[in-house]
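Chains as they are written, first to last, in the working numbering: chain A, 18 to 165; chain B, 966 to 1057.
The beta carbon of each residue, even a glycine, is placed where N, CA and C say it ideally should be.
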Amino acid sequence: MTVRVQQADFDAGAEIAKLRAGDGRVGAVASFIGTVRDVNDDASVSRLTLEHYPGMTEKALEAIVAEAKQRFDVFEALVIHRVGELGPTDQIVLVAVTSAHRGEAFDACRFVMDYLKTRAPFWKKERTPEGERWVDARTADDAAAARW
Amino acid sequence: MRNHAPVTVRLVYLARLREAFASAGESLPVAAGREPTVASLLDELRSRGGAYAVELAPGRAIRVAVNHAMAGPSDAIRDGDEVAIFPPVTGG
């Protein structure tokens, strides 16, 4: 499966090994891992809750992966995104892409992340000393997605 | 104005909106006598006042998906559609 939304943690090394297993065409693997920071907008963050829209989130991620495969010369792409309660330093998301050469792998990996940030239905709520708050979308993320 | 068959939509509220409306969703019969769109549905919800008027006020950043696909104000709503309303996404 190229797209997974799950509560459980993931083993990036094992996932990447599976993604390129036995594929002699692969000369480049690019991957990205997003993790929970303990600070955001000048407040310390002790907990991060990730919500999604079951059904649509998976479809949106699959559409992003399909578009990446169309735009870039890549062989395989994988997205794993966690939901539920996470704490500082926990892994949130893994994107991994295999290609013949590094340029396409880097570009496709970045494209998937930039699109995911603005198009995949996930919402973050963080717990700070002042209480819980929903994280606001960033205009910088829109700009990053618009580059493509 | 043409008459339209009764339209009932399944509304889904997510993230901040679910909390503001104290509801994860509802089944809503849309007012008869007009062709329902995303915009007319939002108008109808706004007319309830309270949190609906505040959260869905023009200028507030909200997104709408119809049957799991992003939708715009002029998109039509059909009987049985699942219409989700949510804030801009913040995953990754």
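Judged by beta-carbon spacing, A/F123 lies beyond the 9 Å limit of A/A29, meaning their Cβ atoms are not closer than that value.
Its Cα nearest to that of B/P1023, the residue B/P1038 stands out among B/G1045, B/P1038, B/V1031, B/H1033. A/L133 is positioned such that its CB atom lies closer than 9 Å to that of B/G1056. CA-to-CA, the gap between A/D58 and B/R983 works out to about 24 Å. Interface residue (Cβ-Cβ distance to chain A less than 9 Å): B/F1051 is classified as such.
When the five nearest sequence neighbours on each side are left out, the beta carbons in the same chain lying within less than 8 Å of the beta carbon of A/T19 are those of E79, V82, E93, A94, L95, V96, in order along the chain. Distances from the alpha-carbon of A/F49 to those of A/R155, A/H118, A/F139, A/A113 put A/A113 closest.
Annotation: the continuous alpha helix (DSSP H) that includes A/Q87 extends over 73-88. With a cut-off of 8 Å on Cβ pairs, the segment 138-154 of chain A is not in contact with the segment 1008-1025 of chain B, counting fewer than three such pairs.
Considering only beta carbons, the part of the segment 126-148 of chain A lying closer than 8 Å to chain B consists of M130, L133, K134, T135, R136, A137, P138, F139, W140, K141, K142, in chain order. For the 9 Å CB-CB criterion, A/A154 and B/A1034 do not form a contact.
Residue contact check for B/A987 against chain A: no CB pair falls below 9 Å. The beta-carbon of A/G72 is placed less than 9 Å from the nearest beta-carbon of chain B. B/V1054 belongs to the set of residues whose beta carbon lies under 9 Å from a beta carbon in chain A.
Neighbours of A/K76 across chain B, judged by C-beta separation under 9 Å: H1033, A1034. Annotation for A/E121: the continuous alpha helix (DSSP H) segment containing it runs 119-136. Rounded to the nearest whole angstrom, the C-alpha separation of A/R42 and A/A117 is 6 Å. Distances from the alpha-carbon of A/K86 to those of A/L67, A/E121, A/G101 put A/E121 closest. With contacts defined as CB atoms closer than 9 Å, B/L979 and A/Y70 qualify as a contacting pair.
Judged by beta-carbon spacing, A/A60 lies within the 9 Å limit of A/E147, meaning their Cβ atoms are closer than that value. By a beta-carbon distance limit of 8 Å, B/A970 does not contact B/P1001. Their separation comes to about 11 Å. Closer than 9 Å to the CB of B/A1041 there is not a single CB belonging to chain A.
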